[in-house]
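Below: the structure, in structure tokens.
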DNA sequence: AATATCACG
DNA sequence: GACGTACGTGATATTT
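Residue numbers (this note's numbering): 1401 to 2331.
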């Protein structure tokens, strides 16, 4: 029944990606009611297709196709590696919807085409050319200016949004040239969206002027010397190669070889069953109804069960009654995999031999596909053994072979259309990656909670289960035991392991059913999608790389510290008149205040003297002993926490130290580093700083440190809108000197270091929610004087006081504050009375500033891997306002340029800061040199 | 398990 | 007018 495409035929080509992105951005994040699958873009896409079909009833269109992009790497990336390089990554909640838009197109019985490595534009160009050569007409349904070069001679565009046809005149309106001149204009003007460089300083207007004058780009470039304006002439001469490259980038490939013909695109009527079945599966009630009526087909029933079961719905199986399955062979595993595909989501949890994801081995995997329905797949449990306490090293019977299970689960865990749900997915993802599985897409209940409830409670599974499911999870302690007799999970009997592990997956799924739907109402979808979840793979990668630490350097330092400590200890005992434990604050207090009778001993609530550094510092003027104790403590700290402990953290397999970052630990959005903490390696004291010499680059490589300069003060200047501070940052002035000058009426060139130091303390104090008492203690000045400084400061910078008042008022009204990027930090004690009140107030003032800085570096980190993908460089560590890289010796300059650029522009495009962000760079063979 | 101390931004 | 007080973290040793 097929006609050959030719004269009288009319081909419609729909730009699929344009439809999808418009649908995604125009609609609020809609989720499928039964399971929470993000579905907003698919819904919008279907509505647009439907409107398109309705609008075309009775028109002359004979052929139609929806054309999609496929793959992110195209031949244009081979030409120019920066092509489309500044594109934001696809939102996580859009990715699983992409395959569904293809399904939708097919459900409408419209041809659906995509070709790996090519943009939709090229396919469209090729089809448009074929249609034209066959003597037919072609309409491209898109408003993308990149395709305007195709217009003319039977080819037109149609802007579905503005409902406007674009013909040759329409193109002229947009570009100032007719379609044949479009690529020349684009080559000159460049395109910031696709990152096509063009000629600097030349926009569309100028470009059109030039092309119209000289006829075409080649002519223009050949005769560039004739241009009168000197700057323009020079630009064209200097950037000739870049302009020619730009032209190649914007020119569409209309000569692709396709494995289908125009005839395959003939308009077909929808098949009612298939279309309605698809729409019903997506649970689009309104659209299903409308189309059922239009096609005169019965309206199917769409189940109306929300994932978070309403209270009047039948209760999900109680945890106590849930019977969990132990999967012991492949035949038993398959139904679980099938069910996961069917539902489109599955909760996953791994059990391992330990808590260190760099070293622990996989013991088993649990899956949960609906509340109360979960299984545990034991893989490497050891034989229980009969009388031997430790059991044998043989594998227990009745377990699937590890490799076979991995092979069976890998497609599911990597399938873009199935959402994997985990609690603290970074851990499981790291384990899976060691077994060759790149788990995606995923949701993380810990991060869902963190995005919504930071500041209210912690986000561990136990706390979440208690709070949101009213259920206490089975504790792990009784299974593993404690102390010396503790066993690893592979020694836990499989039946006990099943109850525990399957329940974890069950809990995780139920938490997701509660926490995912509430994300949107909490207005934290964007924070979760763009600043929490995408960070997981980035951190996982950094943790896996680790940083090289030289054991010998640490060991030598430990010995040196031990010697010095022994000397100090002897002196201290001498001064005290008797031996005692210098490491015991209680005993130090006794010696100082009871036995030696020094003044100023203050007892805390436990009846112990305070002997903190500030106290000893004051006493040091009166006696030799306190100074010695201070020195001893410094060395003790350095030795025990750093030079000794760090050695134990060197991974024997890699020779490197692998920290673990907790994403949901700090309420403000900062990361925290644990096991070991690499965010508090000494630097302030000269002795401590030398510990950084043990953090080294691999042979032939260099460590590069990039840190934001004064980022929190810059954010303060922006949020409090202080013109003089903002201007000072724009001018690159010394901000503390400038503050001092304003406050104390001292001209900048007469500034003394001491006055500047005081202003610096005040600047930082402001960020922390300043008080006279705190400033007085920090500067060691009388409280009245400190209060005077603060009053003076607010007098000179009234906007700061206003910011503080506004922030606390907002917190009191809403019980939360927010960062510039919308991160929510709850302040539950802000309306409390008593001593809590002061804490809460200062925390509320600090949180938006610290949190915004945290957001900015998070954004930089998320963009960094793509930005440096082509460089011999790895991002290793984050220390709040600093990123540390390891890079091949020859690649230092390029890395600094790229990474600095990413960091300085990390707020874009969501927040436009009134102050520039400045990043300083250092490099060296070790961390001390790099900083 | 709680407390005191001190390392970092 | 008194209360207490700089913000955010993690690791270690001592003491309970």
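Idealized CB from N, CA, C, for every residue including glycine. The model shown is predicted, which means the values in this text are computed figures rather than measured ones.
task: Would you kindly check if the distance between the Cβ of residue 2167 and the Cβ of residue 2116 is under 8 Å?
output: yes
task: Counting only the same chain and skipping the five closest in sequence on each side, list residues whose C-beta sits under 7 Å from that of residue 1808.
output: 1730, 1733, 1737
query: Buried or exposed: residue 1893, going by 16 or more other Cβ atoms within 10 Å of its Cβ?
result: exposed
- prompt: Can you tell me the Cα-Cα spacing of residue 2051 and residue 1674, whole angstroms?
  reply: 56 Å
- request: State buried or exposed for residue 2273, treating a residue as buried only when at least 16 other CB atoms are found within 10 Å of its CB.
  value: buried
task: Could you spell out the range, first to last residue, of the alpha helix (DSSP H) harbouring residue 1436?
output: Here residue 1436 belongs to no alpha helix (DSSP H), and DSSP marks it neither H nor E.
field: The beta strand (DSSP E) enclosing residue 2182, as first and last residue numbers
entry: Neither: residue 2182 is in no beta strand (DSSP E) and is coded neither H nor E.
- request: Under the assumption that residue 1501 contacts residue 1416 (Cβ atoms under 8 Å), give the Cβ distance between them as a whole number of angstroms.
  value: 7 Å
task: Just the C-alpha distance for residue 1822 and residue 1427, rounded to the nearest angstrom, thanks.
output: 27 Å
message: Checking the sheet assignment: what are the DSSP bridge partners for residue 1843?
response: 1821
field: Residue burial classification, residue 1825 (beta-carbon count within 10 angstroms, cutoff 16)
entry: buried
query: Excluding five sequence neighbours on each side, which residues of the same chain lie with their C-beta closer than 7 Å to the C-beta of residue 1744?
result: 1435, 1437, 1817, 1818, 1819
message: Considering only the alpha carbon of each residue, which of 2181, 2230, 2182, 2226 lies closest to residue 2205?
response: 2230
message: Can you look up residue 1629 in the DSSP assignment and give me helix, strand or coil?
response: coil
message: Going by the DSSP bridge assignment, what does residue 1725 pair with across the sheet?
response: 1775
- prompt: Which whole-angstrom value describes the C-beta separation of residue 1624 and residue 1637, a residue pair presumed to lie in contact below a C-beta threshold of 8 Å?
  reply: 5 Å
message: So if DSSP puts residue 2216 in a beta bridge, which residue, or which two residues, is it bridged to?
response: 2226
message: Considering Cα atoms alone, identify which of 2183, 2246, 1507, 1878 is closest to residue 2211.
response: 2246
Own chain residues within Cβ distance below 7 Å of residue 2353, not counting five before or after: Nothing can be reported for residue 2353, as the shown portion of the chain is limited to 1401 through 2331.
Where residue 2104 sits in the DSSP three-state scheme: strand
query: So which of 1477, 1860, 1811 has the shortest CA-CA distance to residue 1840?
result: 1811
- prompt: Can you give the beta carbon distance from residue 2043 to residue 1958, rounded, assuming they're within the 8 Å contact cut?
  reply: 4 Å
task: Please list, in chain order, all residues of the same chain as residue 1640 whose beta carbon is under 7 Å from its beta carbon, the five residues on each side excluded.
output: 1621
message: According to DSSP, is residue 1870 part of a helix, a strand, or is it coil?
response: coil
- request: Consult DSSP for residue 1881 and reduce its assignment to one of helix, strand or coil.
  value: coil
- prompt: Shortest alpha-carbon distance to residue 1727 belongs to which of 1719, 1766, 1703?
  reply: 1766
- prompt: Contact check, residue 1583 vs residue 1647 under 8 Å by CB: the rounded distance?
  reply: 6 Å
- prompt: Taking all protein chains shown into account, do 16 or more other C-beta atoms lie within 10 angstroms of the C-beta of residue 1913, making it buried, or fewer, making it exposed?
  reply: buried
query: Using the C-alpha atoms, what's the distance from residue 1952 back to residue 2175?
result: 42 Å
message: Given this structure, state the Cα-to-Cα distance separating residue 2323 from residue 1761, to the nearest angstrom.
response: 36 Å
Where residue 1752 falls: helix, strand or coil (DSSP): strand
message: Beta-carbon within less than 6 Å of residue 2318's beta-carbon, same chain only, minus the 5 sequence neighbours each way: which residues are those?
response: 2109
field: Boundaries of the alpha helix (DSSP H) in which residue 1965 is found, first to last residue
entry: 1951-1976
- prompt: DSSP on residue 1519, reduced to helix/strand/coil?
  reply: coil
message: One question on the structure: do residue 2030 and residue 2013 come within less than 8 Å of each other, judged by their Cβ atoms?
response: yes
Own chain partners of residue 1970 with C-beta closer than 6 Å, once the 5 adjacent residues on each side are dropped: none
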